[in-house]
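Worksheet for the structure shown next.
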Amino acid sequence: MNTSQEPIIIIGAGVAGLTAASELKKMGEKVLVLEARDRLGGRIFSQKIKHECYDLGASWIHGIQNNPIWSIVQHNQIQTTVFNYDQSIYYQGKQQPFNSEEKLIFETSLDYLLNRFKEIDPHEHYHHALAALQLWMNEEEFLLHINTQFDLDEHAVAKLKKMLSDFFNLLAEDPCASDLAHLSADFWKNEGYYPGDEVIFPQGYIQVIEFLSRNIRVLTNKVVQNIDYTQDTIQIFTENGEYFSASQVIVTVPLGVLKKQRLQFFPDLSQEKKQVINNLGFGTFNKLFVSFDQNFWKSAQYDQSKNIYIHNQHGWLNFLDVSELYHQPTLLFLFGGESAIWLENTSCEEVWHNIKTSLTLVFDEIPQPIQIFKTEWGKDQFSEGSFSYHSVGQTSDQIEILKQPIQNKVFFAGEHLALFGAGTVHGAYHSGLEVSEAIQKYTK
């Protein structure tokens, strides 16, 4: 246990920071959390809009089996709704979706390629996902896999390859918040989801934050700029001239903030740590919510499907039917990587016009939205993006370099440092647990 009179200060009141604070307090430590925003939660942001609660940041618990976030939900009897990415419908420029054979061909081929990514040689960390995909789709083994199950002519195979290539571009955006050219070939192997149902929160993910922050002293609107650990007591300075003293400090700011060097360290971080910060992937992911006074996309035949894909010459458009969650016909469009940046720099009206062009390939009469709004995480100075992804050349050794404490005074945590579940809420939670244990280890 730390015997200093100064508290352990945690920078950032997101999941990693609050988890670390909660665990350290259980161990008898004095803790103080400094949060730059005027709210708690970080990239968990639940906002009431017209009597409904929208999660503008994290939405899902990615698999409930053995997931610690699910344990928190159960312990606190927080209401959730199962929302899996199954029962998908695929359209390709026609009013009827893929028939059963077309869907079987596409999903079987997709599963084959996903398994190739999952089984990739661990020594191939430096391979681009895009290069790997192009290589595998042109291998004789892939063509043999298709031809032994389906009777496709050359034109049909070329069409299938185009759809598959475009679909992997979509997977790079969601769930990786990136583009295929920037992803490591082992990105799917490092997805880090738990098994079981995926669930969302009708009353907001913020309920998990409310539990984690119970009895934790948090000061909001404290934008930390400098951390001086030259002396035994660490000095932490904010942008408005305030300073705080700490025995140890845990830095849980998003990787995007570290990349922008918004936080200065004295002495400076080692070149090795700086290089890792630069190398790790950190992407932007945004949401567009569009509500209508009537549902135009449902039919009796496909009434249970919530995950809809439309393929056109530009790629796949994916949207989710979240009408049950918000008690009115509502579609959620997800944008990652370059498309997320495009969304931020384009008006909602222009974005909707662009989307409507694709929708008209499938649906006859599309009404005007009664409500439309979007997120802009890339423009958020306190996150500078959304979450981390597995970049080309990234290894677990690099993660360990950044996690290594400095002089047993400065510690790091966050979803970007999770070896399992990077980019997820449970990854941030695990990192918070790990750093609290590390502090106990180094202060014994």
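What the sequence shown shows, in my numbering, is residues 0 to 443, in sequence order.
C-beta atoms are modelled at their ideal positions from N, C-alpha and C, and glycine is treated no differently.
Every value quoted in this text rests on a predicted model; they were computed, and no experiment measured them.
Taking all protein chains shown into account, T359 has fewer than 16 neighbouring C-beta atoms within 10 Å of its C-beta and is therefore exposed. Annotated as distal: G392 and N225, with beta-carbon spacing of 9 Å or more. Counting every other CB atom within 10 Å of its CB across the protein chains shown gives Y84 a total below 16, marking it as exposed.
Taking C-alpha positions only, D150 is separated from G335 by approximately 35 Å.
In this structure V250 touches I10 by the C-beta definition: roughly 5 Å separates them, less than 8 Å. As DSSP reads the structure, T359 sits in no beta bridge. For G426, the enclosing alpha helix (DSSP H) starts and ends at 424 to 442. Burial state of E172 is buried, judged by a 10 Å Cβ sphere holding 16 or more other Cβ atoms. V14 and S246 have their C-alpha atoms some 22 Å from each other. The beta carbons of L401 and F386 sit no closer together than 9 Å. 9 Å or more divides the Cβ of Y204 from the Cβ of H61.
If you ignore the 5 residues before and after P201, its C-beta comes within less than 8 Å of the C-beta of C52, Q78, T79, T80, L324, all in its own chain and listed in chain order.
DSSP places E22 in no beta strand (DSSP E) but in the uninterrupted alpha helix (DSSP H) bounded by 14 to 25. L254 places its beta carbon less than 9 Å from that of G384. Contact annotation: Q327 and S290 have beta-carbon atoms nearer than 9 Å. The beta carbon of L182 lies closer than 8 Å to those of H127, A128, L129, A171, C175, G280, Y388, H389, S390, V391 in the same chain, with the five residues before and after it left out.
Around the C-beta of R213, fewer than 16 other C-beta atoms lie within 10 Å, and the residue is accordingly described as exposed. Shortest Cα-Cα distance from Q270 to any of Q397, L112, V72, G27 involves Q397.
Around the CB of Q206, 16 or more other CB atoms lie within 10 Å, so the residue is classed as buried. Bridge partners of H127 according to DSSP: S183. The C-alpha of V223 is placed about 23 Å away from the C-alpha of G422. Close CB contacts of F332 within its chain, under the 6 Å cut and outside five residues either way in sequence, are with L287, F318 (chain order).
Counting only runs of 3 or more residues that sit fully inside the region 232 to 264, the beta strand (DSSP E) segments are 233 to 237, 242 to 245, 247 to 250, in chain order. Straight-line measurement puts the Cα of I104 at about 10 Å from the Cα of V156.
Runs of the beta strand (DSSP E) spanning 3 or more residues and lying entirely within the region 312 to 381 occur at 314 to 320, 329 to 335, 370 to 373, in chain order.
The alpha carbon of N66 has as its nearest neighbour, out of I365, E209, H352, V424, the alpha carbon of V424.
Annotated as distal: L109 and L39, with beta-carbon spacing of 9 Å or more.
About 11 Å separates the beta carbons of V30 and A12, which is beyond the 8 Å limit, so they are not a contact pair. Beta-bridge analysis with DSSP links N278 to no other residue. Setting aside the 5 residues that flank it on each side, S357 is surrounded in the same chain by I309, N311, L316, each with a C-beta closer than 7 Å to its C-beta; the list follows chain order. If you look at L287, you'll find it in the beta strand (DSSP E) that goes 284 to 290. When the Cα atoms are used, G431 and L17 turn out to be separated by approximately 8 Å. By the 16-neighbour rule on beta-carbons within 10 angstroms, I369 is exposed. Distance from the CA atom of F116 to the CA atom of H415, rounded to whole angstroms, is 21 Å. Rounded to the nearest whole angstrom, the C-alpha separation of A19 and G413 is 10 Å. The beta carbons of N285 and T374 sit closer together than 9 Å.
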